[in-house]
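Protein chains in written order, with full-length UniProt numbering: chain F, 1 to 179; chain Z, 1 to 99.
Where a beta carbon is used, it is the ideal one built from N, C-alpha and C, also for glycine.
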């Protein structure tokens with residue numbers, strides 16, 4: 001440490017080591033928190049159509065069309081190690097051809113500081129609800145679930161499911177009218 | 001030019017040790033305080049800024065060779081008047097060879 005450069009270099013290295021330690025403390029302070037919270041989902045309009053899915057093949061597949069309500073309060077999930085939440089609504093169901101189907105219908109990013117009280121009515125799905133066959137018509141048990149992915153400053157990126165989901169059934173006939 | 005070349009720019013050995021110790025204490029203290037403060041207001045960027053302030057303060061206090069790091073100079077012995085260079089240097093190898 002006999003020169004100005006040597007002292008500056010040692011100090012910068014030590015500062016960065018301390019910063020790494022502080023970041024680890026920040027991670028430790030939030031890693032055991034429980035980020036689950038209740039949410040309510042209700043479907044409004046549920047229809048199913050049989051139309052060709054040109055993105056996959058020319059065969060006709062089932063396309064679900066769902067609008068739903070979503071209500072939850074995520075304000076208390078934010079802390080000094082949460083930068084944003086990535087919300088997404090998934091539909092989960094079982095068909096004869098697949099043990100487990102999971103389709104993302106809708107998503108939303110909430111940054112820290114933005115309004116995290118969600119009360120949405122009759123929202124349309126952002127993404128197509130395609131089945132890879134004809135499994136949707138007359139299906140008795142499709143479950144909508146809200147989940148969120150926590151984006152932290154440092155640490156894990158957990159996917160957390162909301163407490164509470166909504167199950168609904170598709171009508172037994174295809175819709176031919178425009179929706 | 002003599003004026004500039006006579007400005008002392010060194011630290012003595014004790015001063016170097018003290019400057020490093022002081023810088024580590026300042027940065028550690030600001031880091032701990034920043035962590036507590038950042039946790040209190042739940043804003044991790046505050047922690048980083050407090051640590052950065054500690055880095056700046058420590059840089060000002062311990063990087064330039066301030067006079068406070070020059071208080072314990074080494075006591076060098078007076079240079080001995082060397083008799084002759086060839087005589088002083090070649091004496092020991094010669095004695096080894098004779099043995």
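- Query: Hey, residue 154 of chain F and residue 23 of chain F: beta-carbon distance below 8 Å or not?
  - Reply: yes
- Item | Residue interval of the alpha helix (DSSP H) (run including residue 12 of chain Z) | Run containing residue 12 of chain Z: none; DSSP gives neither H nor E here.
- Task: Give a yes or no on whether the minimum CB-CB distance between residue 11 of chain Z and chain B is below 8 Å.
- Result: In the displayed structure, chain B is absent; the protein chains listed are F and Z.
- Task: Leaving out five residues on either side along the sequence, give the residues of the same chain with a beta carbon under 8 Å from the beta carbon of residue 4 of chain F.
- Result: none
- Between residue 55 of chain Z and chain F, is there a C-beta pair that is closer than 8 Å? yes
- Item | Rounded straight-line distance, which links the Cα of residue 65 of chain F to that of residue 103 of chain F | 12 Å
- residue 37 of chain F to residue 147 of chain F span [Cα, whole Å]: 10 Å
- Task: For chain F, find out if any of its Cβ atoms is closer than 8 Å to the Cβ of residue 93 of chain Z; answer yes or no.
- Result: In this prediction, residue 93 of chain Z scores a pLDDT of 49, lower than 50, which makes its location untrustworthy; the coordinate-derived value is nonetheless stated afterwards. No, because no Cβ of chain F sits closer than 8 Å to the Cβ of residue 93 of chain Z.
- Beta-ladder partner(s) of residue 39 of chain F, from DSSP: F:72
- Item | Environment of residue 72 of chain F [buried if 16+ CB atoms lie within 10 Å] | buried
- Query: DSSP three-state call for residue 57 of chain F: helix, strand or coil?
  - Reply: coil
- For residue 5 of chain Z, decide whether its Cβ has a neighbour in chain F, counting only Cβ atoms nearer than 8 Å. no
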